[in-house]
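Asker: Residue numbers (our numbering): 1211 to 1794.
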Ligand SMILES: Nc1ncnc2c1ncn2[C@@H]1O[C@H](COP(=O)(O)OP(=O)(O)OP(=O)(O)O)[C@@H](O)[C@H]1O
Ligand SMILES: [Mg+2]
Ligand SMILES: [Zn+2]
């Protein structure tokens, strides 16, 4: 597997070590720290204790060593260490007697600190300062911290402590108040990318920018991790890196594949999802890793939806932001949260399973359903429209029985009509009924096929189905079926958007021309398609207009829907809640 390994000399030095910055200027992305330290060095306003905190692999230890060199450099001061004097070269090599570096993670006890303090009492052997670099200082025990505190309170003039930690919150306040604090940041992706480009060039590594972006991405804002990823890639591919190798090796799912899957979920497109899983399996991808990547993708989408679009906070390269925005627009916030939870469930179910491929496939298909799982309000709204339809069936013998298209969306029933000509229409029931009688005469000249859609008892859903299947496009067909209903009014077909989500609305709007064609073909003459927004927000329109609060059946259904058991059932088995009356 290590096909590139023969290209390397025996003592291959990992990139992170080889490219450890040696001057303040070489530290990438922490200018706020370097500048302050340089200024303090130049003006000799230095503390005896420093605390460097921040995420892993962002330059804390490197900066601590540079500061140690700067403090003891034998050359004249510009702030930067010369890198050539005995002190500088020894510190770089890690064998300077006056610079003591300890890892608190493996020296947590009070005795270790006592030894250290003991050493601090002696004058430096050669250089100006005796410097203690304490890495992972948060690992010290309470007793060790107290012992350290005493020395920090009255440090000997020749001593400097440079402490580093990834867990700032674990440092006692008493210690913090005695240190000059510097907080390191995650390094912006473009800076890491530039650094890796520079390094690949110097190391004669041929790698595409896209592949390098993947490497940067896998580092999550840590330059060290990005460099280690590059090490891995080069060890695998040699110095000519193929794009595919990078994705496989780093267990990364390419952004375009993720994007395809997210869109397939939004489209309820199970075929694409399964096909994509098949490809991942063929490419030898780790499916558990893929599931985690998908989880983090949905985390990004939720964060974006919450209005946070800072690539650093999102933890993504800036170049991915536009596509990610498009993906987020496909869902409502509630959908995204639901999807995230479902993926979380898939992830934990896969953890100890053997048939992980099947689990993943079934989970992803469920996701496609979760995406269109409706809220209780929508369900109630649908129920209301059902009861409208049944009212209609019952009143078939009334003068209005020939109504071509029954209003299925109760939501459209309360508001007065909009001025004519408006693209998005809102109609009151009275208005609709009035119009319907007109429709009957105007629809006399329709083809017999279309007449069948206006047969008594045919609902607005029927017309919708006919138009949908007439588009001849499977994806669009199922999208249109997701709408509330359709009505024919003279030379207009009105699509009832009802509770359609943002994605659905957009798709319908984008495909209006095709839908118009399909509708015209069905009706037998040229019709225009209008979109009708519900006149009331779904929660206000949860009740059919003519059902009173005291309607016992409706109240029962509502109550049933509020039951936690019903809600959790809906979580697992997406579907509609219908009223079923069992006569005693
Ligand atoms: N800001 C940076 N500028 C340049 N190189 C960096 C930077 N941060 C990390 N590196 C690279 O990563 C390597 C490791 O960095 P360093 O040990 O300084 O990180 P750290 O913050 O101490 O990490 P940890 O918290 O894991 O100890 C360095 O040798 C260097 O190659
Ligand atoms: Mg470190
Ligand atoms: Zn020097």
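The beta carbon of each residue, even a glycine, is placed where N, CA and C say it ideally should be.
If I measure Cβ to Cβ from residue 1471 and keep anything under 8 Å in the same chain, skipping five residues before and after, which residues do I get?
Answerer: Answer for residue 1471: 1482, 1483, 1486, 1504, 1574, listed in chain order.
Asker: Could you name the residues of the same chain whose beta carbon sits closer than 7 Å to that of residue 1407, not counting the 5 residues immediately before and after it, in chain order?
Answerer: So the list reads 1422, once near-sequence residues are dropped.
Asker: Just to confirm, does residue 1501 get its C-beta within under 6 Å of one of the non-hydrogen atoms of ligand 3?
Answerer: Not under cutoff, so the answer is no.
Asker: State yes or no: is the C-beta of residue 1416 nearer than 6 Å to some heavy atom of ligand 3?
Answerer: Residue 1416: no, Cβ never under 6 Å from ligand 3.
Asker: Under a Cβ-count criterion, where at least 16 other Cβ atoms within 10 Å of its own Cβ denotes burial, should residue 1744 be classed as buried or exposed?
Answerer: Classification of residue 1744: buried, given that the 10 Å Cβ count is 16 or more.
Asker: What do you get for residue 1565, buried or exposed, if any count of 16 or more other CB atoms within 10 angstroms of its CB means buried?
Answerer: By the neighbour-count rule (16 or more Cβ atoms within 10 Å), residue 1565 is not buried but exposed.
Asker: Does residue 1700 pass the burial test, meaning 16 or more other C-beta atoms within 10 Å, or should it be called exposed?
Answerer: Label assigned to residue 1700: exposed.
Asker: Are the beta-carbon atoms belonging to residue 1542 and residue 1378 less than 7 Å from one another?
Answerer: No, these two residues do not count as a Cβ contact at 7 Å.
Asker: I need the straight-line Cα distance from residue 1333 to residue 1275, nearest angstrom please.
Answerer: Near 20 Å, if we compare the C-alpha coordinates of residue 1275 and residue 1333.
Asker: Over what stretch of residues does the alpha helix (DSSP H) that includes residue 1448 continue unbroken?
Answerer: Premise fails: residue 1448 is in no alpha helix (DSSP H) and is neither H nor E.
Asker: DSSP on residue 1416, reduced to helix/strand/coil?
Answerer: DSSP places residue 1416 in strand when its eight states are reduced to three.
Asker: Leaving out five residues before and five after residue 1265 in sequence, what residues of the same chain have Cβ atoms less than 8 Å from its Cβ?
Answerer: If we look at residue 1265 and ignore the five residues flanking it on each side, its Cβ neighbours are 1376, 1394, 1395, 1396, 1431, 1432.
Asker: So which of 1559, 1349, 1330 has the shortest CA-CA distance to residue 1342?
Answerer: The residue with the shortest Cα to Cα distance from residue 1342 is 1330.
Asker: Taking DSSP as the reference, what is the three-state secondary structure of residue 1278?
Answerer: Residue state, collapsed to three classes: helix.
Asker: Using only alpha-carbon positions, find the residue among 1350, 1390, 1373, 1323 that is nearest to residue 1255.
Answerer: Residue 1255 has its Cα closest to that of 1390, out of 1350, 1390, 1373, 1323.
Asker: Rounding to the nearest angstrom, what Cα-Cα distance links residue 1248 and residue 1497 in this structure?
Answerer: Their Cα atoms are separated by approximately 48 Å.
Asker: Decide if the stretch 1309 to 1320 is in contact with the stretch 1345 to 1352; the criterion is three or more beta carbon pairs, one per stretch, under 8 Å apart.
Answerer: In short, these stretches touch, since the Cβ pair count reaches three.
Asker: Where residue 1437 and residue 1539 are concerned, what is the direct C-alpha to C-alpha distance, given to the nearest angstrom?
Answerer: Their Cα atoms are separated by approximately 34 Å.
Asker: Per DSSP, what kind of secondary structure is residue 1309 in: helix, strand or coil?
Answerer: Residue 1309 falls in the strand class under three-state DSSP.
Asker: By the 10 Å Cβ neighbour count, where 16 or more other Cβ atoms means buried, how is residue 1307 classified, buried or exposed?
Answerer: Answer is exposed; the Cβ neighbour count stays below 16.
Asker: Considering only the alpha carbon of each residue, which of 1435, 1353, 1354, 1290 lies closest to residue 1227?
Answerer: Looking at the Cα atoms, 1435 is the closest of the given residues.
Asker: With residue 1375 as the anchor, note down where its alpha helix (DSSP H) starts and where it stops.
Answerer: Run containing residue 1375: none in the alpha helix (DSSP H); it sits in the beta strand (DSSP E), 1369 to 1375.
Asker: Over the uninterrupted alpha helix (DSSP H) stretch that includes residue 1672, give me the two end residues.
Answerer: Looking at the DSSP string, the run of the alpha helix (DSSP H) that includes residue 1672 is 1670 to 1680.
Asker: For residue 1696, which of helix, strand or coil comes out of DSSP?
Answerer: Note: residue 1696 maps to strand in three-state DSSP.
Asker: In chain order, which beta strand (DSSP E) runs of at least 3 residues are fully inside the stretch 1382 to 1406?
Answerer: As far as the stretch 1382 to 1406 is concerned, its whole beta strand (DSSP E) runs of at least 3 residues are 1390 to 1393.
Asker: Cutting at 7 Å between CB atoms, please list the residues of its own chain near residue 1225, excluding the five before and the five after it.
Answerer: Excluding positions up to five away in sequence, the list reads 1409, 1437, 1440, 1441.
Asker: Which of the three DSSP states is assigned to residue 1238 in this structure?
Answerer: Of the three classes helix, strand and coil, the one that applies to residue 1238 here is coil, per DSSP.
Asker: Which one of 1356, 1366, 1300, 1517 has the shortest CA to CA distance from residue 1279?
Answerer: Of the listed residues, the one whose Cα sits closest to residue 1279 is 1300.
Asker: Can you pull every residue whose C-beta falls closer than 7 Å to some heavy atom of ligand 3, listed in chain order?
Answerer: Those satisfying the condition are, in chain order, 1279, 1283, 1284, 1285, 1291, 1292, 1293, 1294, 1295, 1297, 1298.
Asker: On the DSSP bridge list, what partners appear for residue 1704?
Answerer: Answer by DSSP bridge pairing, in chain order: 1697, 1740.
Asker: Thinking just about the alpha-carbon of each residue, which of 1686, 1704, 1478 is nearest to the one in residue 1673?
Answerer: Among 1686, 1704, 1478, the Cα nearest to that of residue 1673 belongs to 1704.
Asker: Using 6 Å as the cut-off, classify the Cβ of residue 1271 as near or not near the heavy atoms of ligand 2, replying yes or no.
Answerer: Checking the Cβ of residue 1271 against ligand 2 gives yes.
Asker: Where does residue 1228 sit, in a helix, a strand or coil, going by DSSP?
Answerer: It is helical.
Asker: Taking the continuous alpha helix (DSSP H) assigned at residue 1719, which residues delimit it?
Answerer: Here the alpha helix (DSSP H) through residue 1719 covers 1712 to 1720.
Asker: Please name the residue, chosen from 1718, 1417, 1380, 1388, that lies closest to residue 1448 on a Cα-to-Cα basis.
Answerer: It is 1417.
Asker: Measuring only the C-alpha atoms, how far is residue 1445 from residue 1305?
Answerer: So the alpha carbons of these two residues sit roughly 30 Å apart.
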